[in-house]
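Worksheet: the structure to be examined is printed underneath.
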Amino acid sequence: MNDDKCKLTSFNRRDFYKISLITKGCSTLLYANRDIEISKPALVFTNPLIPYSWDVAAEDTVYDGYFCVFSDDFLHKGARMESLQESTLFKADGNPVYLLEDHQLEYLKGIFIRMQTEMDGDYIYKYDLIRNYVNVLIHEAVKMQPAVAYFNPPNAASRITNLFLTLLEKQFPVDSPQHPLKLKKASDYAEKLAVHVNHLNAAVQGVTGKSTTTIINEAIVAETKSLLIHTDWSVAEIAFSLGFEYASYFNNFFKKHTGFTPMKIRTGISTV
């Protein structure tokens, strides 16, 4: 959807939210543990911390529309107090899709066109103006009543497990000590997927044969080894980036799961 107009020189996928305006084409949004059919123009809100993908209606279907990406901090600079992670528009159990009537489509399309025009211009306060336009999109959605068709897919345990694994994968690689791991426990993932933690644990155990916590810990250990070998971050920085408040807790965790201290891995005393 107008991808050729999106120019991002740096993109941390865990930081950016997306608002899409679909003007043409039928599809299904696979969002958290729900499938949402989109059969007419729609305004769609997606959160990078929540796994989602699109199923097209047919290979020859024509699609068109607009989108914008932005960070939570971008709106906070405009004195917006509520975090987007708490907004119902972006939560796993909220309503991310708003089907539009013709007059709503034309109005929202105009907002996206204005944002593009401002981005291409040299007005000194253009980002303040674009921030206001993004807020208008959010408020317009809040005023609407969602008109979506939800249905539960077959084999719910496999779907939930796949969503969990996709969400886990999105947490890595950790690309900066300033962007620490946001989801650290099974309950964190369950909250994002809008399921009870016991339900998530049962599904993951049944499908993979491992507990949710075991899979999370394995991913953290693997990321630790990569960071120790391929970066010059201190052990304390690595610990913080992986969600450990104290380096001592991190050292104990790593030794418990590998038999070695982080420094032994870094200095090459042992190969694991």
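Quick note on my numbering: the sequence shown kicks off at 9 and runs consecutively.
Backbone N, C-alpha and C fix where the C-beta goes; we use that ideal spot for every residue, glycine too.
- prompt: Grouping DSSP H, G and I as helix and E and B as strand, with all else coil, what is F261?
  reply: helix
- prompt: Within the chosen definition, does the region 48-55 reach the region 101-121 through at least 3 CB pairs nearer than 8 Å?
  reply: yes
- request: Could you tell me which residues DSSP puts in a beta bridge with I27?
  value: F53, C76
field: Among H207, F98, V229, F120, nearest to F180 - alpha-carbon criterion
entry: V229
message: For L336, list the residues DSSP reports as bridge partners.
response: As displayed, the chain neither begins before 9 nor continues past 280, which places residue 336 out of reach and without an answer.
message: Since F120 and L29 should fall inside the 8 Å C-beta cutoff, what is the C-beta to C-beta distance between them, to a whole number of angstroms?
response: 6 Å
query: In the structure shown, what three-state DSSP assignment does Y106 receive?
result: strand
message: Tell me the rounded alpha-carbon separation between S195 and T125.
response: 43 Å
field: Proximity below 9 Å, CB of P56 to CB of K26
entry: yes
field: Own chain, CB closer than 8 Å to P188, minus 5 neighbours either side, in chain order
entry: V182, F248, S249, L250, G251
- prompt: Which first and last residues belong to the alpha helix (DSSP H) in which Y133 is found?
  reply: Unbroken run through Y133: none, as it is neither H nor E.
task: Run the CB neighbour count on S35, radius 10 Å, all protein chains shown included, and call it buried at 16 or more, exposed below.
output: buried
Neighbourhood of I123 by C-beta distance below 8 Å, restricted to the same chain and skipping five residues each side: According to the sequence shown, residue 123 is Met rather than Ile. Contacts found: C76, I138, Y141, V142.
field: Between the CA atoms of L235 and T169 - distance to the nearest angstrom
entry: 27 Å
task: Grab me the residues of D110's own chain with a C-beta within less than 6 Å of its C-beta, minus the 5 sequence neighbours each way, in chain order.
output: none
query: Which runs of the alpha helix (DSSP H) spanning at least 4 residues fall entirely within the region 142-214, listed in chain order?
result: 164-178, 194-201
message: The beta strand (DSSP E) that contains S61, what's its start and end?
response: 60-64
- prompt: Would you say T232 and I273 are within 9 Å of each other, going by their C-beta atoms?
  reply: yes
- prompt: On the three-state DSSP scale, how would you describe D128?
  reply: helix
- prompt: For V64, is the classification buried or exposed, using 16 other Cβ atoms within 10 angstroms of its Cβ as the cut-off for buried?
  reply: exposed
Nonlocal neighbours in the same chain, by C-beta distance under 8 Å from A164, ignoring five residues either side: N41, A211
task: Spatial neighbours of K200 within its chain, please: CB distance less than 8 Å, with the 5 preceding and 5 following residues excluded, ordered by chain position.
output: A40, L57, I58, A100, L175, L191
task: Whole angstroms is fine: what's the gap from K151's alpha carbon to Q112's?
output: 12 Å
- prompt: Rounded to the nearest angstrom, how far is the Cβ of S79 from that of F24, given a contact under 8 Å?
  reply: 6 Å
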